[in-house]
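Undergrad:
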Amino acid sequence: MKRTVIIKLRSSTVGTRAIVTEKLSLGEEISYEYLCYRCDPIMGGEWKNETTRVLATDEINKLLNDSARAASQLHLYNTARMTGS
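Letter by letter, the sequence shown follows residues 887 to 971 of the working numbering.
(1) Report the rounded CA-to-CA distance for T969 versus L962, giving the unit in angstroms.
(2) Can the beta-carbon of K985 be found less than 7 angstroms from the beta-carbon of Y923?
(3) According to DSSP, what are the bridge partners of N935?
(4) Determine the DSSP secondary structure at E915, reduced to helix, strand or coil.
(5) For T902, which option in R939, E932, E915 has the closest C-alpha, if you only look at C-alpha atoms?
(6) Taking L949 as the reference, give the member of E914, E915, N964, G930 with the closest Cα.
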């Protein structure tokens with residue numbers, strides 16, 4: 887079964903909250919909101935489902951950490967460009 891995962895990070899602090907939408911091959915969409923706790927900017931963090939309070943699967947946790955890390959790097963790059971650093 888084909889599955890697409892869409893991650894939208896949202897927070898005033900980059901990478902602490904995310905909405906994960908899984909699109910399944912039958913057209914069904916399932917969305918979950920995750921909150922990062924035990925966050926570490928280098929190693930990533932553990933993500934917990936806001937509704938169920940259950941930890942994300944290893945696969946989703948890795949995708950969330952990769953996305954948050956990329957967003958953080960982009961934020962640092964844009965800040966450096968704006969300040970001329």
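The C-beta atom is built at its ideal place from N, Cα and C for all residues, glycine as well.
TA: With the given structure in hand:
(1) 11 angstroms
(2) For the chain, the structure presents residues 887 to 971; residue 985 sits outside this window and is missing.
(3) For N935, the pairing in a beta bridge is given by DSSP as Y920.
(4) Residue state, collapsed to three classes: strand.
(5) E932
(6) G930
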